[in-house]
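Below you'll find the structure, written out as structure tokens, and then a few comments.
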Amino acid sequence: MFLIIHFIGVRYLLIVFLLCSGWLNTSAQDCNLTLKGHVEDSDTKDQLSGATVIIRSINREVTTDDNGDFTFMKLCPGTYELEVTHVGCEPISQTVAIEKNTHIDLLLPHLKNNLQEVIVSGTKQLTNTGFKQELSGTRLEQASGLSLAEALAKLNGVTMLQTGSTIAKPVIHGLHSNRILTINNGVRQEGQQWGNEHAPEIDPFIADKLIVIKGVDELKYGSDAIGGVILVDPKPLRYLPGNHGEINTVYFTNNNEYVVSGVYEQQLKKMPAFSYRLQGTFKRGANVRTPDYRLNNTALQEENFSVTVGWKKEHYNLEAFYSQFHTKAGIFTGSHIGNLTDLKEAIAAPKPDDIFLNEKGYEISRPNQEVSHRLFKLRSNLYKGANKFQLTMAAQYNERKEYDIVRSSTNLKPQLNLSILTLTEDLSWEHPSVFNLKGTAGISFMQQDNSYTGRYFIPHYISATYGGYWLEKWKKEKWDIQAGIRYDYKAFSTQRLRNAVLTSHDFDFSTLGASLNTAYTIRPDMHVNVNLSHASRAPHVNELLSDGIHHGTATYEVGDINLSPEKSYNLSVGFDYANARKTFTAELTLYNNYIRDFIYQQPKPDEPVLTIAGAFPKIVYEQTNALLRGFDAAFSYHFLKQLALSSKASVLRAYNRNIDDWLISMPADRISNELVYTFKGNEHVSEPYVGLELANVFKQSRVPGDKFGKQDYKEPPPAYNLVNLNAAVTLRFGKHPFTLGAGVHNLLNTSYREYLNSFRYYVDEAGRNVQLRLKFSF
Amino acid sequence: MNYDSNFKTQYMKKYFGNFTIAIALMLFLNACSKEVAEEDNDNEVVTTLELHIMERVTFNHFIYKFDDPDGFGAGSAAPVIDVIRLSPNKVYDVELKLFNKTANPVEDVTAEVEEEGADHRFYYLPSTSSNITVNNFSNDGNGVPVGIMSTWTTGAKGAGKIRIVLRHYPNGSKATDDPVDSPKSSTDVDTEFTTSVE
Chain A
0 MFLIIHFIGV RYLLIVFLLC SGWLNTSAQD CNLTLKGHVE DSDTKDQLSG
50 ATVIIRSINR EVTTDDNGDF TFMKLCPGTY ELEVTHVGCE PISQTVAIEK
100 NTHIDLLLPH LKNNLQEVIV SGTKQLTNTG FKQELSGTRL EQASGLSLAE
150 ALAKLNGVTM LQTGSTIAKP VIHGLHSNRI LTINNGVRQE GQQWGNEHAP
200 EIDPFIADKL IVIKGVDELK YGSDAIGGVI LVDPKPLRYL PGNHGEINTV
250 YFTNNNEYVV SGVYEQQLKK MPAFSYRLQG TFKRGANVRT PDYRLNNTAL
300 QEENFSVTVG WKKEHYNLEA FYSQFHTKAG IFTGSHIGNL TDLKEAIAAP
350 KPDDIFLNEK GYEISRPNQE VSHRLFKLRS NLYKGANKFQ LTMAAQYNER
400 KEYDIVRSST NLKPQLNLSI LTLTEDLSWE HPSVFNLKGT AGISFMQQDN
450 SYTGRYFIPH YISATYGGYW LEKWKKEKWD IQAGIRYDYK AFSTQRLRNA
500 VLTSHDFDFS TLGASLNTAY TIRPDMHVNV NLSHASRAPH VNELLSDGIH
550 HGTATYEVGD INLSPEKSYN LSVGFDYANA RKTFTAELTL YNNYIRDFIY
600 QQPKPDEPVL TIAGAFPKIV YEQTNALLRG FDAAFSYHFL KQLALSSKAS
650 VLRAYNRNID DWLISMPADR ISNELVYTFK GNEHVSEPYV GLELANVFKQ
700 SRVPGDKFGK QDYKEPPPAY NLVNLNAAVT LRFGKHPFTL GAGVHNLLNT
750 SYREYLNSFR YYVDEAGRNV QLRLKFSF
Chain B
0 MNYDSNFKTQ YMKKYFGNFT IAIALMLFLN ACSKEVAEED NDNEVVTTLE
50 LHIMERVTFN HFIYKFDDPD GFGAGSAAPV IDVIRLSPNK VYDVELKLFN
100 KTANPVEDVT AEVEEEGADH RFYYLPSTSS NITVNNFSND GNGVPVGIMS
150 TWTTGAKGAG KIRIVLRHYP NGSKATDDPV DSPKSSTDVD TEFTTSVE
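Set out below in structure tokens:
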């Protein structure tokens, strides 16, 4: 703590702490109270599992378990308003005053006019018992203002694939892009996700939870989730009269980035069936600074908004959602590479030329990329007895423009311009519980139309995908078994018009996905979980037909129309344990993912492509049998009541079995240790904490050798260690809580480079970055 | 039971009413989409570099070129690169021209380079054995060489190579002393011709 006083950005943080400690001295009470409760149907006295209990004032939400029980931990003394909702019941709101650990029984009345057979238990699906990691609450708040990938990278086993500081996409257990499905508000996100420098087009402020799952539930979204599924889940719409709003502001010192995000939701008393929510985010950042220099043209800006409206009746509900995402991100000027010679010179230089450095400001010039994504979704649930039918229809339009450095300043056109329209229709049926079996069957249909103007990289295409799935979940006593299967048929035709010659190709692929998950409860706080899953993914158009220069890497990328689908066979074993007092928790996940016909890029150094700008090394798509195995481990230990240590480790080994060598571009092993001290709070100050994290990333020494020519231009960067800091406090005046938070990334301003950032060839990663955040609820 | 089925009809109507609207919307959106690909249009591509060479005394002139009229990549023909043949002990005035032949009509890229002369520079790098020296470059508006015009002087007979490079400097940062591999600039054109002074 003495050290950091010297750092300029940190003084704000100290002010926050001084402010807090002033409050803390007056505190006498402790914010470690527990509220337990039980939810029942007031008429049938059935235990209501899957009921949602929300305390909006502190933004916490829990779901009742199979016995209808719920728990809120770490509450401060005070009065809270609980909102309880359950399918088929009237929502209720109940005020509860908490002075000590409390238990409360809540009775939910049936919906009025409910003359049909009773819909109570059995409508809520069992949760996915496969592998699940969730970022919500405090940890999601710590990520506020960051991009979706940066937020997800806080989860163990998730890393990032970056292009400089402005573009990042998530990597799960070494896999990314088309091997991961991102489900935005229940809809499979479809853009140009195949590209390494194409980040997901989602505003993380939409989400109340970011969840990474592996298990049977992923079959609802596709048979191709080889790496897993990311769920971006918003909070359910409010169905209690009243309104609620929240404003989040974030400021980052490194690049003078500011973020403002607001959400407002309302439910009118006069129209109990109707509810709506408005949400928007604005973000603007200037050029990013590494410890030794500032990088020109690394500014970014983003404007997003979304509108949700809902109509909820006893037997059906409807939800319409529209969101618009728009971003413009500068790409460091010094990374513009004309040919291989340029690249080698840039790599040889210890730092970029001064002409590319040390400009401040928010201006974005070439090269840059501008991406917009619009999503319109209509979802309807229909309840018939204990059956639930769901129809989701969505239209997405994604437009991507890449602006390269051009010869003439009068050329205002993008050099690459891709647009894709995706229409999806999904229909599902959840059947009533039979012999402890709950299940869902569904069909889905997707149409896509992709077009381009300007430079060719991937062709124009239209595609149609038809899929069907069936999942069953069975639970009895200590056993929980889930199984599912899915089949997809995808057909597409591509076109390219070049020098007045039209080239067309037709493809069709059948893919199968299946998953079997068995969970066993050894003791109430000890579980073991075994998942066996199969996923297959049809090659994407870029893998089949890309043809062009990849400017960042100075390679000539060529697709192969003879590729076949890749098929993964994944065995994962999970184990979790908590001691009786919950002061110690541990989690371990082991995975072994064998991927047949894994599609990857193989450099062909002996077959350069000669152009007028020089010769470019060719890189082609090939298939191999790959084996990705590793583990994620985490434990946390409260060795004092207020002091906890959390540690996590993530290790991956990725082999190319056909050539008996390592796979390129896989995340290095990493471990992280965080000490968190939680202060005592009172009715005005709740849960102040300070956490100090030490993150160690090892050097990736497992890279392919030179057997088939040189595979990379530069050796992976050395290991690095980062010190990060996190702190927050929620203050409450009257009814309005506001949360002050601060985080420092790279506290010691360490110079380092990350293997999975393609700019590791040219520049260091960003230096110290202090994040200051303020959240206000009303 | 009777009431029940009535109720059902009611909500089914409501439900499927919305469904119909959505389907109509989908079909409408789908109808808007283009069915045929547009012609590739890489507005930055250069396919052809021509050297218009004139001997000072005889005014004999000839054109040597690097020509890749259909561009590069899958299915395109390999570029044709002429051998530059010059006579010994002569002085030649050389004008360089760039074209994009994939555009229709053919685009004169030299004009663009000339307009943005402060950001561009051609470098001529003859090998020692070529017995060619290049100097007397044309300048941009700031008096810094841009090299669209140059003078080539031949010595005794010899065979070698000449590399011609066009470099792009950001924001007019080009200076007279900048070498071809200046870290400030990046490459737009980089070709090599075989030369023969015979």
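If you read the protein sequences in the order shown, they are chains A and B. Reminder that position 700 of the first sequence reads as 699 in numbering that gives the first Met the number 0, one-by-one numbering, no gaps. Reminder that position 25 of the second sequence reads as 24 in numbering that gives the first Met the number 0, one-by-one numbering, no gaps. Glycine residues also receive a C-beta, built at the ideal position from the N, C-alpha and C atoms. None of the values given here were measured: they were computed from a predicted structure.
Whole angstroms is fine: what's the gap from residue i's alpha carbon to residue j's?
i, j, result
"B/C31", "A/L420", "Confidence at B/C31 is low in this model, with a pLDDT of 48, below 50, so the placement of that residue is unreliable and no value is reported for it."
"B/I80", "A/R293", "43 Å"
"A/A206", "A/L151", "12 Å"
"A/I171", "A/G227", "7 Å"
"A/S334", "A/Y761", "7 Å"
"A/F508", "A/E565", "11 Å"
"A/S143", "A/L739", "12 Å"
"A/N561", "A/Q600", "14 Å"
"B/Y123", "B/V164", "7 Å"
"A/D291", "A/S750", "8 Å"
"A/Q46", "A/V52", "14 Å"
"A/I118", "A/G67", "Residue confidence for A/I118 is low, a pLDDT of 34 falling below 50, so the modelled location carries little weight and cannot support an answer."
"B/I161", "A/G512", "58 Å"
"A/V186", "A/R485", "17 Å"
"A/V405", "A/F678", "56 Å"
"A/N541", "A/G558", "6 Å"
"A/E369", "A/K44", "56 Å"
"B/R84", "B/E197", "7 Å"
"A/M392", "A/K376", "6 Å"
"B/I147", "B/S137", "6 Å"
"A/P458", "A/N592", "31 Å"
Take residue i as the anchor and find which of the options has the nearest alpha-carbon.
i, options, result
"A/L609", "B/S195, B/E197, B/V196 and B/T190", "B/T190"
"A/F324", "A/I336, A/L342, A/A345 and A/Q300", "A/Q300"
"A/G337", "B/S181, B/D92 and B/R55", "B/S181"
"B/A76", "B/R162, B/N135, B/N40 and B/T101", "B/T101"
"A/A648", "A/H526, A/Y712 and A/T158", "A/T158"
"A/F506", "A/F491, A/A518, A/V500 and A/V619", "A/F491"
"A/F583", "A/D631, A/Y593, A/D524 and A/D559", "A/D524"
"A/K675", "A/E692, A/A50 and A/D668", "The residue you asked about is not Lys; residue 675 of chain A is Val in the sequence shown. Among A/E692, A/A50 and A/D668, the Cα nearest to that of A/V675 is on A/E692."
"A/S164", "A/R752, A/L771 and A/K774", "A/R752"
"A/Y220", "A/Y576, A/S646, A/Y519 and A/Y468", "A/Y468"
"A/S322", "A/V702, A/D479 and A/A394", "A/A394"
Starting from residue i, trace the beta strand (DSSP E) in both directions and tell me its first and last residue.
i, result
"A/L267", "Where A/L267 is concerned, there is no enclosing beta strand (DSSP E), given that its DSSP letter is neither H nor E."
"B/V145", "Here B/V145 belongs to no beta strand (DSSP E), and DSSP marks it neither H nor E."
"A/G244", "G241 to F251"
"A/T84", "G77 to T84"
"A/L47", "First-last for A/L47: undefined, no H or E at that position."
"B/K160", "G157 to H167"
"A/F273", "F273 to G284"
If you follow the alpha helix (DSSP H) that residue i is part of, which residue opens it and which one closes it?
i, result
"A/N541", "V540 to L544"
"A/R454", "Unbroken run through A/R454: none, as it is neither H nor E."
"A/L294", "Looking at the DSSP string, A/L294 is not in any alpha helix (DSSP H), and its letter there is neither H nor E."
"A/A148", "L147 to L151"
"B/E49", "No alpha helix (DSSP H) holds B/E49; the beta strand (DSSP E) holding it covers T47 to E54."
"B/V108", "V108 to E114"
Does the separation of the CB atoms of residue i and residue j fall below 9 Å?
i, j, result
"B/T175", "B/N99", "no"
"A/Y402", "A/Q389", "no"
"A/K343", "A/Y712", "yes"
"B/E49", "B/K96", "yes"
"A/G547", "A/Y460", "no"
"A/K734", "A/E140", "no"
"B/I131", "B/G171", "no"
Next item on the list: List in chain order: all unbroken alpha helix (DSSP H) runs of 4+ residues lying wholly within the segment 321–366 of chain A.
Entry: List check, alpha helix (DSSP H) in window: 339–347.
Notebook entry, point to check: Quick one: complete beta strand (DSSP E) runs, 3+ long, within the segment 195–226 of chain A?
Noted result: Whole beta strand (DSSP E) segments, 3+ residues: 208–213.
Next item on the list: Note down, one range per segment and in chain order, each beta strand (DSSP E) of at least 3 residues found wholly within the segment 137–196 of chain A.
Entry: 157–162, 166–171 and 179–183
Next item on the list: Give, in chain order, every unbroken run of the alpha helix (DSSP H) that is at least 4 residues long and sits entirely within the segment 540–598 of chain A.
Entry: 540–544, all fully within the segment 540–598 of chain A.
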